[in-house]
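I have placed the structure first, in the form of structure tokens, so that the comments after it can refer back to it.
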Amino acid sequence: MSCTSRKIDQLRLQIPGFACVPGCHDCCGPVTASSEEMARLPVKSAAAHDAALAEFNCVHLGPQGCEVYAQRPLICRLFGTSPSLPCPRGQGPEQMIEPALEKQVHQLIASTRQVLV
């Protein structure tokens, strides 16, 4: 396991979780992820990527919601946990992410090559 993969795992454990509004996918647009995160996701066809992008959706958004929720990228995990990425429906954890932890996530994202999910 690479150093980056270990860091991703460490950060994932620290980002607070919360329950989304059932059926809401307002934050499931196209996002980027590191190659380490992409390796954890199922490969989708170019046609599936094109179709999702045409709708401004994530390729892993299915009829029942996120199909890769347990392995979703760090940026997806940040949505709703930070004042800088608020949930459009006002949901969120009891305690928002610590600013220092959010900074670590953004630093990791900035330090890795990002590709469109």
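Residue numbers (the working numbering): 1 to 117.
Ideal placement from N, C-alpha and C gives every residue a C-beta, glycine not left out.
Here Ala-52 is buried. Its C-beta has 16 or more other C-beta atoms within 10 Å. Nearest C-alpha to Pro-63 among Cys-24, Leu-74, Ala-110: Cys-24. Rounded to whole angstroms, the gap between the alpha carbons of Gly-65 and Cys-27 is 11 Å. Membership of Leu-78 in the alpha helix (DSSP H) is indicated by the continuous run 74-78.
Bounds of the alpha helix (DSSP H) holding Gln-14 are 3-14. Here Pro-42 is exposed: its Cβ has fewer than 16 other Cβ atoms, across all protein chains shown, within 10 Å. The C-alpha of Glu-55 lies about 32 Å from the C-alpha of Gln-14. With respect to Met-96, Pro-83 sits close: the two C-beta atoms are nearer than 8 Å. Beyond the five residues adjoining it in sequence on each side, Thr-4 comes within less than 7 Å, by CB distance, of Ser-34, Glu-36, Thr-112 in the same chain, given in chain order.
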